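Here is the structure we will look at.
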Amino acid sequence: MPWVFLWQTSSSEMKEKSQEVGEGKDHKKKSKALGVELKNYFLSIVPHIESPDIKYSTPKDVMLPAEEVTKWSQSLEKLLATQCGQDAFREFLKSEFSDENIEFWLACEDYKKTQADCLHGKAEKIYKEFVQNDATKQVNIDFYTRKDIAKKAQDPTPSSFDEAQRHVYILMERDSYPRFLKSTFYRKLLDKVDCNSLK
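Read the sequence shown against this note's numbering and you will find it ends at 192, with the numbers running on by one and no gaps.
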């Protein structure tokens, strides 16, 4: 199977994560380390995205299965199905100053897995961060959906945010996702896939 080699910068934090992964830590840590590496790669190809907590040092290669990268173009669902896809899309949305959409969608996904006794706290956090009128990362939803969520947040259920999450997903699918597919860093990834598959 062909692989994509991503040229990226490493940090002391990434070295620690690489050691943990090398020592046989669970799959979650591997995904997180790869996510950090992907973030650094995307930062290197979209220079106006800045992150003060990343210290750059020696370049190093990151591998992604070519099959995974090409699947991202099939649907938003396939893009969001993998941690690497989520990271790539998040970085793209940051470059467009609309990362609140993916952050909200991911928060809703996490919320659905929450135990009943923790629902109220998480619902309140999501409401304050993404829904209320002066929210720091306010998502673009209509007045009625916003009002409905305000009511549901008082007595939350696992489906309290479903309607708003669906609305944001459709917005990303119709608006941001097509632009992502045409973006410079996704095209660069596809170019690398093509080059490696010819070897």
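Note that CB positions come from ideal geometry on N, CA and C, so glycine has one too.
Note that this is a predicted model, so its numbers are computed, not measured.
Ranked by Cα distance from N94, the first of N126, A143, Q131, P151 is Q131. DSSP, read as helix, strand or coil, puts P149 in coil. Boundaries for S68: no alpha helix (DSSP H) harbours it, and the DSSP string shows neither H nor E there.
A check of alpha carbon separations from K140 across D168, E102, A157, L112 identifies A157 as the nearest. Comparing alpha-carbon positions, the option among E61, Q67, K64, L86 lying closest to R172 turns out to be L86. The beta carbons of K185 and P151 sit no closer together than 7 Å.
As the crow flies, the alpha-carbon of T63 is around 13 Å from that of L73.
Around the Cβ of A143, a 10 Å sphere holds fewer than 16 other Cβ atoms; the residue is exposed. Put simply, the backbone Cα of Q147 is about 46 Å away from that of L183.
In summary, D127 is exposed, with fewer than 16 beta-carbon neighbours lying within 10 Å of its beta-carbon over all protein chains present. Just measuring C-alpha positions, the residue of F82, L164, D110, Q125 sitting nearest T177 is F82. Nearest to N133 by C-alpha distance, out of C111, E96, E117, is E96. By a beta-carbon distance limit of 8 Å, A116 contacts P149. Their separation comes to about 4 Å. Per DSSP, the unbroken alpha helix (DSSP H) holding F82 starts and ends at 76 to 88.
An exposed status is given to I163, since fewer than 16 other beta-carbon atoms sit within 10 Å of its beta-carbon.
In terms of CA proximity to F123, D92 leads the group L174, D92, Q76.
In this chain, the alpha helix (DSSP H) harbouring A116 covers 112 to 119. Around the CB of C77, 16 or more other CB atoms lie within 10 Å, so the residue is classed as buried.
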